Amino acid sequence: MPAHAGEIPKPNTAWIWKTFWIITAITALEFLIAFVMPSSTMRNSIFIILTIFKAFFIVAEFMHLKHETKGLIWTIMIPMGLLIWLLVALITEGNAIHEAIF
Amino acid sequence: MSTISPTTQAISDSALDKPRTGTWDGGNEPFNASYGKLMMWFFLLSDAFTFAAFLTTYGLIRHRYLPYTGSPEAFEFSTAYWPIPEKVFNSFPGLHGVDLPLAFVALMTMILIFSSVTMVLAVEAGQRFDKKDVQKWLLWTILFGTVFVSCQAWEWSHFIGGTDEGTLMNDGTRFFGANLAVNQYGPVLFADLFFFITGFHGTHVFSGICLLIYCFIATTNGTFEKRGHYEMVEKIGLYWHFVDLVWVFVFTFFYLV
Chain A
150 MPAHAGEIPK PNTAWIWKTF WIITAITALE FLIAFVMPSS TMRNSIFIIL TIFKAFFIVA
210 EFMHLKHETK GLIWTIMIPM GLLIWLLVAL ITEGNAIHEA IF
Chain B
5 MSTISPTTQA ISDSALDKPR TGTWDGGNEP FNASYGKLMM WFFLLSDAFT FAAFLTTYGL
65 IRHRYLPYTG SPEAFEFSTA YWPIPEKVFN SFPGLHGVDL PLAFVALMTM ILIFSSVTMV
125 LAVEAGQRFD KKDVQKWLLW TILFGTVFVS CQAWEWSHFI GGTDEGTLMN DGTRFFGANL
185 AVNQYGPVLF ADLFFFITGF HGTHVFSGIC LLIYCFIATT NGTFEKRGHY EMVEKIGLYW
245 HFVDLVWVFV FTFFYLV
């Protein structure tokens, strides 16, 4: 509860806008790359890295995970990390089906 | 006259009456997070699994089909290969026939990111017990969320309606737009995945808007003020940022890659 009713502290929003501009800049960069670079594995890798950057800023700052305890951070991050294996396994599977058909 | 029996007296004097302070008897909060926030995190983790399954499925199916290998300028829709997203999503409301690849989806992305910013501002205002600011930022978030869902509705109707030319299908007929069984853009599963992934995300945004409207009403009624904290705004904020986060991934894997 506030110390005295009716007394509201000044907003502290500089970090919010800073995060917003970072995410906006990354999105603009992605959009730019989509047009100046021809489609390739290299381009896709850049997109994925930039997406992970954006995800980091949203989760760490907006969702405040950076400021939680280490235990909570790992509880969320470890299961998410396991999904990378799912992605790799199923894309390999997709390629195998592709090879079998074409 | 007090009629407390000796037995009752004995119980109230026991350890049961004292506040619990130990680690394992409920005396502190695991991870220093409240029950509600922790459960929201675990729910979001499970929801992330669902979305990851969707996007992984997209990856599998896309790799299973032939990629388009010609030059982007010569691209034509065909059910024989996976389409280039920027050739499918290249229209903008009110600009009929103008080729604006990914422009509308970029706008939608910015609207949703901006709604995430107004959401953090609402959470920040809640921590300062600034009721007016909480109301203001919640309303902006509801507005941007609604605009996003409306944009998605337009995108869906355009996708379902199809282009002016349509595509000449294998059976010699011309097909316009898309449904779950046939579409003019590429393999059947392309449209199916579009409907399921963006639809599931849109449903999440819609649920989020409903929760935010509840938050706005409760803030206006002073419910959170009486409760002594605006934690509900923080929990729903977590959900809202998650929806934004999912869109960041959908944007990359469905529209950019």
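Protein sequence lines correspond, in order, to chains A and B. Taking the working numbering, the leading residue of the first sequence gets 150, the next gets one more, and so forth. Taking the working numbering, the leading residue of the second sequence gets 5, the next gets one more, and so forth. Glycine included, every Cβ here is placed at the ideal spot set by N, Cα and C. All values reported here derive from a predicted model rather than from experimental measurement.
- Contact note: Val208 of chain A reaches chain B through Leu249, using a C-beta cutoff of 7 Å and chain order.
- Taking the Cα positions, His213 of chain A is about 44 Å away from Phe79 of chain B.
- Relative to Leu116 of chain B, the option among B:Asp137, B:Trp141, B:Gly165, B:Thr145 whose CA is nearest is B:Thr145.
- Ala245 of chain A sits exposed, since fewer than 16 C-beta atoms from the chains shown fall within 10 Å of its C-beta.
- As for any alpha helix (DSSP H) of minimum length 4 sitting wholly inside the region 58 to 93 of chain B, the runs are 89 to 92, ordered along the chain.
- Inter-residue distance for Leu42 of chain B and Ile240 of chain B is about 12 Å (C-alpha atoms, whole angstroms).
- The beta-carbon distance between Leu239 of chain A and Thr60 of chain B, rounded to whole angstroms, is 5 Å. This is short enough to meet the 8 Å contact definition.
- Between the alpha carbons of Ser38 of chain B and Val250 of chain B lies a distance of about 24 Å.
- The beta carbon of Pro187 of chain A sits closer than 7 Å to no other beta carbon from its chain once the five residues preceding and following it are set aside.
- By the 16-neighbour rule on beta-carbons within 10 angstroms, Lys203 of chain A is buried.
- With respect to the C-alpha of Ile88 of chain B, the residue from A:Ser189, A:Ile207, A:Leu232 having the closest C-alpha is A:Ser189.
- Residue-level contact check: Met191 of chain A does not touch chain B, since none of the beta carbons of chain B fall below 8 Å from its beta carbon.
- From the beta-carbon of His216 of chain A, no residue of chain B is found nearer than 8 Å; the closest lies around 10 Å away.
- Residues of the region 111 to 143 of chain B with a C-beta less than 8 Å from any C-beta of chain A: Thr113, Met114, Ile117, Phe118, Ser120, Val121, Met123, Val124, Leu125, Glu128, Ala129, Arg132, Phe133, Asp134, Asp137, listed in chain order.
- In this structure, B:Trp160 is the residue among B:Glu128, B:Trp244, B:Trp160 with its C-alpha nearest to the C-alpha of Asp196 of chain B.
- Using a Cβ-Cβ cut-off of 8 Å, Lys203 of chain A counts as an interface residue toward chain B, since at least one Cβ of chain B sits closer than that to its own.
- The beta carbon of Ala183 of chain A sits closer than 8 Å to some beta carbon of chain B.
- Distance from the Cα of Pro191 of chain B is smallest, within the candidate group B:Tyr72, B:Leu48, B:Thr54, B:Glu33, for B:Tyr72.
- Interface annotation, Leu193 of chain B: not in contact with chain A, CB-CB separation never under 8 Å.
- Leu64 of chain B sits close to Glu242 of chain A, with the two beta carbons spaced by under 8 Å.
- In this model, Arg24 of chain B and Trp45 of chain B are separated by some 25 Å (Cα to Cα).
- For Thr122 of chain B, DSSP assigns no beta-bridge partner whatsoever.
- With respect to Gln156 of chain B, Gly98 of chain B sits apart: the two C-beta atoms are not nearer than 8 Å.
- Cβ atoms of Thr122 of chain B and Phe148 of chain B come within 8 Å of each other, at about 6 Å.
- The beta-carbon separation of Glu229 of chain B and Lys135 of chain B, rounded to 6 Å, stays under the 8 Å limit for a contact.
- Out of B:Phe93, B:Val109, B:Ala110, B:Leu111, the CA that lies nearest to the CA of Asp103 of chain B is found in B:Phe93.
- About 7 Å separates the beta carbons of Thr223 of chain B and Leu142 of chain B, which is inside the 8 Å limit, making them a contact pair.
- Secondary structure at Phe133 of chain B: coil, using DSSP grouped into helix, strand and coil.
- By alpha-carbon distance to Lys159 of chain A, the top candidate from B:Asp137, B:Gly26, B:His67 is B:Asp137.
- Under the Cβ distance rule, Arg68 of chain B counts among the residues neighbouring chain A, one pair being separated by less than 8 Å.
- Residue pairing by DSSP puts Thr171 of chain B in a beta bridge opposite B:Phe179.
- If you draw a 10 Å sphere on the C-beta of Thr171 of chain B, you find 16 or more other C-beta atoms in it, and that means buried.
- One Cα belongs to Thr173 of chain A, the other to Leu260 of chain B, and the distance between them is close to 16 Å.
- For Gly220 of chain A, the chain B residues whose Cβ falls inside 8 Å of its Cβ are Pro34, Phe35, in order along the chain.
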